[in-house]
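Going by the UniProt record's numbering, the sequence shown wraps up at 356, each residue one higher than the last.
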Amino acid sequence: MTETESDAFDGSSTSSDDPTPVGVKLGSTRTVIQIERNGEIETIRTLTCLATYEDPITGSERVLYGEQAAQEYPDSVEFMLRSGLPEDDARAELAKKFFNELITAQNIPEDSVVVYAIPTIDNEAGLKNLSDVIEGSPIGEATIRSFPESLCGSIPAMGDELEAIDEVFVSINMGSTNLEACAYRHGEQLAPFSTGAVTGTEVDRRIANAVEEETQGRVNIDRTTAREYKEEHASFVDFEPFTDIIQQPGGGSHEFTVNRGLMDPVDEYVDEAVDEIANNFLSELANTHMKPYQLALGKPIALTGGMACIPGITDVFEERLSEELSRDISVVSAERPDLAAAEGAHRIAERLADNL
Ligand SMILES: Nc1ncnc2c1ncn2[C@@H]1O[C@H](COP(=O)(O)OP(=O)(O)OP(=O)(O)O)[C@@H](O)[C@H]1O
Ligand SMILES: [Mg+2]
């Protein structure tokens, strides 16, 4: 709120004194922040998790976050969000610690315009907890605003600027703990939909099971490994079976091949997502907003969220949804759908900063 005092020594550069635009997306699996530094856009991407330990010298609590926490404290690390929200007070506390740790480590300036993405979900307490985490943090002194994650994620899918804000279109957000869909009419949400039934995390669980089956029960992988297989190898374009090695208890190792164990669950995921979108979300949208429905389906649908990173998924989704609806649908996504929400939030923050 308070402006920095005018600096009598420096009349030359006003722009460096302007608040920095920052885009933030807190997700159940990953948190992404975009910020411009020295004229370059920087993307910070980290696992949304936290581990604590006692400082051996002072006895005070020390906090680790992200990949380091997950690697060093695999047994006690906490992923505190579900559907992108801290669901209770304890998790809200953890989320605060996580976020403060992250913005301190990354030097996010307090004098900033912060836009953060929020999930489209009917959970008032959780949404309030999320807003407390961000709005209670030291950043965003100039302004803090929230926008729906599926809208933010559509922004880089729809153009180089803020075209998505002026359109009537449908967005689908494929996250780790939920699938969201919404039609937007100049930023207004129509028929917001979300389900926890079709998720990236469920795909990971199925991959772990399928790998166990594929190896006749010899290989049990955890869900983190399953997620890593999916993120590295899943592809509708050029999937290749791959091998991995596990250490046997008592020495020795076992090499195994993953083939259908990976792509079958991913393939099912797309079928289930198409089914939810066509038969639950779009049918509701058609019932409640017939004209915008017709308009929106005449335009590309934006696909966003981490699961939309799987190579070829846009085309496969387009094909299967067209078939399900018996009409030609087109689907677009950003170059990096996993970063898109933070990227879109950053663009909105830039616009807000320009209008301060
Ligand atoms: N390159 C990739 N290939 C395949 N899957 C990916 C890739 N990157 C991320 N994912 C998957 O996308 C999901 C995470 O997506 P996203 O970051 O949009 O979710 P989130 O916002 O953290 O979760 P939620 O929306 O449930 O809070 C995870 O299941 C993750 O494994
Ligand atoms: Mg999300």
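Cβ atoms here follow ideal geometry from the backbone N, Cα and C, with glycine treated the same way.
Here the structure is a predicted model, which is why all the values come from computation and not from measurement.
What is the residue span of the alpha helix (DSSP H) that residue i lies within?
i: V211; result: G200 to E214
i: M158; result: E149 to M158
i: M263; result: R260 to E276
i: M290; result: M290 to L297
i: V133; result: E124 to E135
i: G344; result: A340 to D354
i: V219; result: That residue, V219, is in no alpha helix (DSSP H); it is neither H nor E in DSSP.
i: A70; result: G66 to E72
i: L321; result: I313 to L325
Would you say the beta carbon of residue i is closer than 7 Å to some non-hydrogen atom of ligand 2?
i: G251; result: no
i: E149; result: yes
i: N173; result: yes
i: P119; result: yes
i: G27; result: yes
i: residue 362; result: Since the first residue of the chain shown is 1 and the last is 356, residue 362 is not available in this structure.
Among the options, which one has its Cα closest to the Cα of residue i?
i: D88; options: E54, A125, I57 and T104; result: A125
i: T314; options: R218, Q294, S76 and A157; result: A157
i: T120; options: L352, I301, C309 and F281; result: F281
i: E42; options: G23, R30 and Y53; result: G23
i: F242; options: T224, F169, E324 and M263; result: M263
i: D122; options: E110, Y73 and T195; result: T195
i: A308; options: S235, G39 and T215; result: S235
i: I221; options: V77, A197, I246 and E167; result: I246
i: L190; options: L295, V270, L64 and D160; result: L295
i: A302; options: Y184, Q248 and G217; result: Y184
i: A340; options: L325, P148, V316 and E188; result: P148
i: V266; options: R327, A70 and T201; result: T201
i: S146; options: G187, S176, A51 and N178; result: G187
i: I207; options: K230, M174 and A90; result: K230
Closer than 7 Å: is that where the CB of residue i sits relative to any heavy atom of ligand 4?
i: D315; result: In the structure on display, ligand 4 does not appear, and the ligands it does have are ligand 1 and ligand 2.
If we count the other Cβ atoms within 10 Å of its Cβ and call it buried at 16 or more, is residue i buried or exposed?
i: L85; result: buried
i: I144; result: buried
i: N129; result: buried
i: V237; result: exposed
i: Y53; result: exposed
i: T31; result: buried
i: V170; result: buried
i: K291; result: exposed
i: E3; result: Any reading at E3 must be qualified, since the residue scores a pLDDT of 39, below 50, and its modelled position is unreliable; the value itself is stated next. By the 10 Å Cβ count, E3 comes out exposed.
i: I33; result: buried
i: E167; result: buried
i: F99; result: buried
i: I155; result: buried
Does the Cβ of residue i lie closer than 7 Å to at least one heavy atom of ligand 1?
i: M307; result: yes
i: I277; result: no
i: L50; result: no
i: D267; result: no
i: R30; result: yes
i: E231; result: yes
i: G200; result: yes
Between which two residues does the beta strand (DSSP E) carrying residue i extend?
i: I103; result: Segment D89 to A105 is the alpha helix (DSSP H) holding I103; no beta strand (DSSP E) there.
i: D244; result: F242 to Q247
i: T195; result: E188 to T195
i: S176; result: Element bounds for S176: n/a, residue is neither H nor E.
i: T120; result: From DSSP, T120 is part of no beta strand (DSSP E); its letter is neither H nor E.
Please report the Cβ distance between residue i and residue j, rounded to the nearest whole angstrom; I am assuming they are in contact, meaning their Cβ atoms lie under 8 Å.
i: A334; j: T304; result: 7 Å
i: V115; j: L352; result: 7 Å
i: G153; j: G306; result: About 10 Å separates the two Cβ atoms, so there is no contact after all.
i: P300; j: V270; result: Incorrect: roughly 18 Å between the Cβ atoms, too far for contact.
i: residue 420; j: F256; result: Outside the displayed range of the chain (1 to 356) lies residue 420, so it cannot be described from this structure.
i: V198; j: E272; result: 5 Å
i: G59; j: L47; result: No, G59 and L47 are not in contact; Cβ-Cβ is about 27 Å, not under 8 Å.
i: residue 429; j: E110; result: Residue 429 is absent from the structure shown; the chain starts at 1 and stops at 356.
i: R82; j: S28; result: 6 Å
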